[in-house]
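A short worksheet on the structure shown next.
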Amino acid sequence: MRLTIIGTGYVGLVTGACFSEMGSRVTCVDIDQKKIDNLKKGVLPIYEPGLESIVLDNSKEGTLAFTTSLEEAAKGCSVFVIAVGTPPGEDGSADLQYVLQVARQIGRVINGYTVVVDKSTVPVGTADKVKAAIREELDLRGTNASFDVVSNPEFLKEGAAVRDFLKPDRIIIGTDSDKAEKLMRRLYAPFSRNHDKILFMNVRDAEMTKYAANSMLATKISFMNEIASLCEQLGVDVENVRKGIGSDSRIGYSFIYPGCGYGGSCFPKDVKALIQTGKDIGFEPTLLASVEQRNNLQKEVLGLKVKKRFGQDLSDKTICLWGLAFKPGTDDMREASSMVLMEALIKAGARILAYDPVAMDQAEKEMPAEWEASVTLVQDQYQALVNADACILVTEWKTFRQPDFKKMKTLMRSAVIFDGRNQYDPEEVAEAGFEYHGIGREI
Ligand SMILES: NC(=O)c1ccc[n+]([C@@H]2O[C@H](COP(=O)([O-])OP(=O)(O)OC[C@H]3O[C@@H](n4cnc5c(N)ncnc54)[C@H](O)[C@@H]3O)[C@@H](O)[C@H]2O)c1
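In numbering that gives the first Met the number 0, the protein residues as written are 0 to 442.
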C-alpha cells in the first residue's frame with residue numbers, strides 16, 4: 000500500500016517507519032526543511048529506541064522516503080495520514096490550525112478515492128471539520144473526488160514507541176464507511192496477526208477514546224500523588240500503600256507510582272483539552288480540573304522540599320539534578336518536571352549541575368538564555384555530583400537506579416538525596432550515610 004504521512008514528529012516518523020517496515024511504501028512529509036534534509040541523510044530528529052535502524056534500512060530499501068512537498072508525495076497515493084501537532088491554544092483547547100491546514104492541502108492534491116486518516120489527537124467533531132476543509136478545496140478546484148475521513152488515534156508511548164506501534168494493545172479505528180474500514184483492516188493486518196486487535200467504532204467514539212485513555216492515566220498518577228502527600232503528613236510509607244493497592248487486580252500496579260508530576264507532549268495538553276471540550280458544551284469537568292491542579296502542585300514538590308531542608312536562600316548551594324527528560328527513554332523535554340524544578344532553584348539562587356543520558360541537547364534548546372549562568376550540563380552522572388549539596392533524582396533512567404552511593408558520598412559536599420521518583424530504598428540510602436527525602440516519604 001502507498002501511504003503519505005504528513006507531520007514527521009514523534010508520531011509521524013514512528014508511524015511511517017513502522018508501516019514501511021511491514022511492507023507499505025511510505026513518504027513522510029514535513030514543512031521543516033532541516034528535519035527532512037537530515038532524515039534524507041539518515042539523521043533522526045528524536046531519540047527513540049529501535050527507530051534509527053528501521054528508518055535507515057527502509058530508506059535504503061526505497062520503501063521510506065522524506066520530502067517537504069505534499070504534491071510530490073501524493074502521486075499515486077490514496078491514503079494520507081495526518082500526524083501534525085495539536086498544541087494547546089490559549090484557553091487550553093486543542094489548536095487545530097495545523098490539522099486543518101493539512102486537510103486543505105490534501106484537498107488541493109487528491110483526485111481519485113482517498114482515505115484521510117487522522118492520527119493526531121483531536122477533539123470530538125474534528126473529523127467533520129477536516130471533511131469540510133477538504134470538500135471546500137475540492138469545490139474550489141471543481142473536482143468531485145470521493146474521500147473518507149477516518150479517526151485512528153495513536154497510543155504509542157515515547158521511549159517505547161516502536162515496540163508499541165509494532166505490537167499494539169489495540170488499534171482504534173473510527174469510521175462510518177465500509178470501504179474505508181476494509182482498507183484500514185488491510186493496512187493494519189500485519190500488526191494484528193496474532194489475534195484481532197482492531198476495534199472499529201464510529202468516528203466521534205474513536206476521537207473521544209484517545210482523550211479518555213490519557214485522562215484516565217493522568218488521573219491515576221495525580222490520585223497517587225495526592226495519596227503520597229497525605230501519607231507524608233500522616234507518617235505513612237506510601238510505597239507500602241502503593242504495593243498494597245496495586246495488588247488489587249481491579250487497581251493494578253501501573254501508573255500508581257508517586258513522583259514529581261507527569262509531563263510530555265500528551266497528558267498535560269490532552270487533559271487541558273478535554274476540560275475545555277467540557278466547558279464548550281456547558282459542562283464543568285471537576286475531576287479533570289483537579290487532576291491538572293494536583294499535577295501542577297506536584298511539579299513544585301521537589302523545589303519546596305529542597306527549600307524546607309536548606310532554607311529559602313540557596314545562593315551558596317550547588318544542586319545536582321539526575322535526569323531532565325520528562326520520562327526515561329526519550330529526549331523529550333516538553334512540560335518536563337525538571338524545568339519547573341530548575342526555575343524554582345534558580346530563583347532561590349542555587350547553582351545547578353545537571354546530567355541526562357540523552358536529553359541534554361534538547362534541554363539546552365528549551366532552557367531560557369538567562370539560566371545559562373546558573374545551570375551547567377555535565378557529561379557524566381558522577382561528575383555532576385562534585386561539591387553538590389544535594390542530588391535530586393528527577394527522571395528514573397536505568398543508569399540512576401543502583402548508583403554507587405560510596406562514590407557519591409566522596410564527591411558530594413553534603414550527603415542529601417531527594418528521590419523524585421521513589422527509586423531508592425531509604426534504608427540502603429541511610430546505611431550509605433545519606434539523608435533521604437522521597438515523594439510522600441520523609442525519612
Ligand atoms: N508524542 C506522543 O507520544 C504522542 C502519542 C500519541 C499521540 N500523539 C499526538 O500526535 C500528534 C503529533 O504529535 P507529535 O508528538 O508527533 O508532534 P511533533 O511536534 O513531534 O511533530 C509534528 C510535526 O508536524 C510538522 N508539521 C506541522 N505542520 C505541518 C504541515 N502543514 N505539513 C507538514 N508537516 C507539518 C511539524 O514540523 C512537526 O515536525 C499530536 O496530536 C499528539 O497529541 C502524540
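Just so you know, even glycine gets a beta-carbon here, dropped at the ideal spot from N, CA and C.
Given the structure is predicted, the values throughout are model-derived calculations rather than measurements.
Remark: the C-beta of K156 is in contact range of ligand 1, defined as less than 8 Å to any heavy atom. Counting only residues of its own chain and dropping the five nearest sequence neighbours on each side, S228 has a CB closer than 7 Å to the CB of G439. The beta carbon of E395 is closer than 6 Å to those of P327, R420 and Q422 in its chain, skipping five residues each way along the sequence. In chain order, V123 place their CB closer than 6 Å to the CB of M207, counting only its own chain and leaving out the 5 sequence neighbours on each side. In the structure shown, F309 adopts helical secondary structure according to DSSP, grouped into three states. With a cutoff of 8 Å, I244 does not count as near ligand 1, since its C-beta is closer than that to no heavy atom of the ligand.
Inter-segment contact for the segment 385 to 392 and the segment 308 to 326 is present: three or more beta-carbon pairs are separated by less than 8 Å. Taking 8 Å as the cut-off, the C-beta of D29 counts as close to a heavy atom of ligand 1. Positions of the beta strand (DSSP E) runs, each at least 3 residues long and wholly inside the segment 137 to 183, are given as 146 to 150 and 170 to 173 in order along the chain. By the neighbour-count criterion, in which 16 or more other beta carbons inside 10 Å mark a residue as buried, T26 falls on the buried side. The segment 127 to 134 makes contact with the segment 96 to 105, as at least three CB pairs between them are under 8 Å. Taking C-beta atoms under 8 Å as the contact rule, V149 and A188 fail to qualify, at a distance of about 16 Å. Rounded to the nearest angstrom, the gap between the Cα atoms of Q32 and F282 is 42 Å. Per DSSP, the beta bridge partners of V78 are L2 and V114. Contact between A212 and F154 holds: CB atoms are separated by about 7 Å, below the 8 Å threshold.
One thing to note: D163 has its Cβ no nearer than 9 Å to the Cβ of K209.
At least one heavy atom of ligand 1 is found less than 8 Å from the C-beta of L69. For Y9, the shortest separation between its Cβ and any heavy atom of ligand 1 lies below 8 Å. Counting only unbroken stretches of 3 or more residues, the beta strand (DSSP E) elements lying wholly within the segment 345 to 371 are 350 to 354, in sequence order. In the three-state reduction of the DSSP assignment, E426 falls in the helix class. Shortest gap from the CB of T120 to any heavy atom of ligand 1: under 8 Å.
Contact between the segment 346 to 357 and the segment 371 to 384 is present: 3 or more CB-CB pairs across the two stretches fall below 8 Å. Relative to the non-hydrogen atoms of ligand 1, the Cβ of Q100 comes within a distance shorter than 8 Å of at least one. Sequence-distant Cβ neighbours of T67 in its own chain, meaning closer than 6 Å and more than five residues away, are Q32 and I35. Restricting attention to C230, R249, N295 and A72, the CA atom closest to the CA of G260 is found in N295. The alpha carbon of V202 has as its nearest neighbour, out of K166, L313, F399 and D117, the alpha carbon of D117. The alpha carbon of A347 has as its nearest neighbour, out of H436, I4, K307 and K298, the alpha carbon of K307. For D418, the uninterrupted beta strand (DSSP E) run begins and ends at V415 to D418, by DSSP. Here L198 carries a strand assignment [DSSP, helix/strand/coil].
Closest by C-alpha distance to N151, out of I109, A205 and D177, is A205. Y381 carries a coil assignment under DSSP once its states are collapsed to helix, strand and coil. In the three-state reduction of the DSSP assignment, Y256 falls in the coil class. Taking C-alpha positions only, S214 is separated from L287 by approximately 7 Å.
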